[in-house]
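Since the structure comes first, as structure tokens, the remarks are kept for the end.
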Amino acid sequence: MAARELPGHIAAALAGAGGPTDSAGQPWAGRDLAGEGNPLHNFDSDDGRANPGYVDAVAKLIAGTGSEAEVVASLATARVFVPIVAVLGEETESEHGLTADKQADMALVTLTAPDGRKALPVFTSVEALERWHSEARPVAVYTPRAALSAVSEDAQLLVVDPGADFTFVVRRPAMWALGQQRDWVPCYTDPALVEMAEAAAGPDPQILAVTLQQGQGTASRTADGTPVGGGGAGPELRMILQLAPGLGPQDIQAIVAALQQRLTANPEFVERVDSLDIKITR
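Okay, structure coming up:
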């Protein structure tokens, strides 16, 4: 069989460069890609295990000595694995009458949270991913990159290690903070939100006081049932309204509806608060 010749423009380029080159025109001959100065990717020495900082932050959260903010901060520099699965495309029939896949694509796996929102699962270790989905391909990325992927998929949540002994849910404000590589302040500890809530309540004289606290929806449990004060996917902020006496149910409903309208008209409040529940006191 006659040797196939390279196209003229490629042959000329190789000849002019003294042999095969990379895309920058640098010869491959004599180059050594090994060593710390030439990593093939960001995770050359990765052993596939969970980031120690994340493991420590989660252990403290479970023990009651840590916080959600510390867990999210540990994720900011942690490598995670995003599961990718093959999605079969169009089928075709071979000349022998056999059906075969004409093409297959790789796609991110997404989940649906109990409240109907889309969530992107990520895993801190290869072992955790394989236990959850044995056929998924683990793609290593830093968590901020995974957060950006979640945003591009219109996901509102990051679910860290679903199906593991402990699953931590990163809600939308924290997920956006990770993607933007900035610190996340939980809304229930943010003094600026107290000012926003008081300003929204101010126009209504029937609202005597406003208090913000951590929502019950942030609570979660380990696989063995141990309660944990964080990591849940439910409402993260509780607003307690102290109302004037003598109000009927319809009055209260109108007050709450008007307050919610004023809060949602504040884009900064909407950005910082993932979900809110309101409790009425007399």
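Numbering-wise (my numbering), the sequence shown opens with residue 571 and increments by one. For each residue, glycine too, the CB sits at the ideal point set by N, CA and C.
Sequence-distant residues of its chain with Cβ nearer than 7 angstroms to residue i (five each side left out)
i, result
"Asp847", "Gly785, Pro805, Arg808"
"Gly636", "Ala627, Lys630"
"Arg791", "Pro797, Val798"
"Leu576", "Note that Leu576 scores a pLDDT of 48, beneath 50, so its modelled location is shaky and nothing firm can be said."
"Ala710", "Phe613, Asp616, Arg649, Phe651"
"Leu778", "Gln812, Leu813, Ala814"
Under 8 angstroms between C-beta atoms of residue i and residue j
i, j, result
"Ala689", "Ile654", "no"
"Leu801", "Glu640", "The sequence given here has Gly at residue 801, not Leu. Against a cut-off of 8 angstroms, the Cβ pair of Glu640 and Gly801 comes out as no contact."
"Asp844", "Arg741", "yes"
"Thr694", "Tyr624", "yes"
"Leu829", "Ile822", "no"
"Trp754", "Ala770", "no"
"Arg852", "Pro815", "yes"
"Leu817", "Gln776", "yes"
Close Cβ partners of residue i (< 6 angstroms) along its chain, the five nearest in sequence each way excluded
i, result
"His666", "Reliability of the predicted coordinates at His666 is poor, the pLDDT of 48 falling under 50, and the value obtained from them is presented with this limitation in mind. Once the five neighbours on either side are set aside, His666 has no close Cβ partner at all."
"Glu768", "Val780"
"Pro708", "Phe651, Val696, Leu699"
Candidates the options, of which the one nearest residue i by Cα
i, options, result
"Ala803", "Phe651, Arg649, Gln726", "Gln726"
"Ala643", "Thr713, His703, Val696, Leu681", "Thr713"
"Thr781", "Ala789, Arg752, Tyr758", "Tyr758"
"Asn854", "Pro773, Asp731, Asp724", "In the structure as shown, the chain starts at 571 and stops at 852, and residue 854 therefore has no counterpart that could be examined."
"Ala540", "Ala734, Arg619, Ala646", "Residue 540 lies beyond the residue range present for the chain, which begins at 571 and ends at 852; the question has no answer from this structure."
"Pro773", "Leu763, Ala789, Val826", "Val826"
"His703", "Ala789, Val739, Leu678, Pro775", "Leu678"
"Ala789", "Glu700, Arg852, Val739, Trp746", "Val739"
"Ala646", "Trp746, Pro761, Ala824, Val721", "Trp746"
For residue i, the residue or residues it bridges with in DSSP
i, result
"Thr682", "Lys688"
"Thr851", "Gln812"
"Ala710", "Phe651"
"Ile777", "Leu813"
"Leu807", "Gln784, Leu846"
"Arg791", "Pro797"
"Phe738", "Val730"
"Ala698", "Its beta-bridge partners do not exist; DSSP assigns none."
"Phe693", "Phe651"
"Ala677", "Val655"
Whole-Å CB distance - residue i paired with residue j, under 8 angstroms assumed
i, j, result
"Val729", "Pro684", "Contact flag wrong, Cβ pair sits at about 11 angstroms."
"Val696", "Gly618", "4 angstroms"
Residues near residue i in its chain [Cβ-Cβ closer than 8 angstroms; skip 5 each side]
i, result
"Met766", "Leu833, Asn836, Glu838, Phe839"
"Lys849", "Arg808, Met809, Ile810, Leu811"
"Ala633", "none"
"Leu718", "Gly749"
"Thr680", "Lys688, Ala689, Leu690, Pro691, Glu723, Ala725"
"Leu763", "Cys757, Leu782, Leu807, Phe839, Arg842, Val843"
"Val721", "Met745, Trp746, Gly749"
"Thr682", "Lys688, Ala689"
"Asp760", "Arg842"
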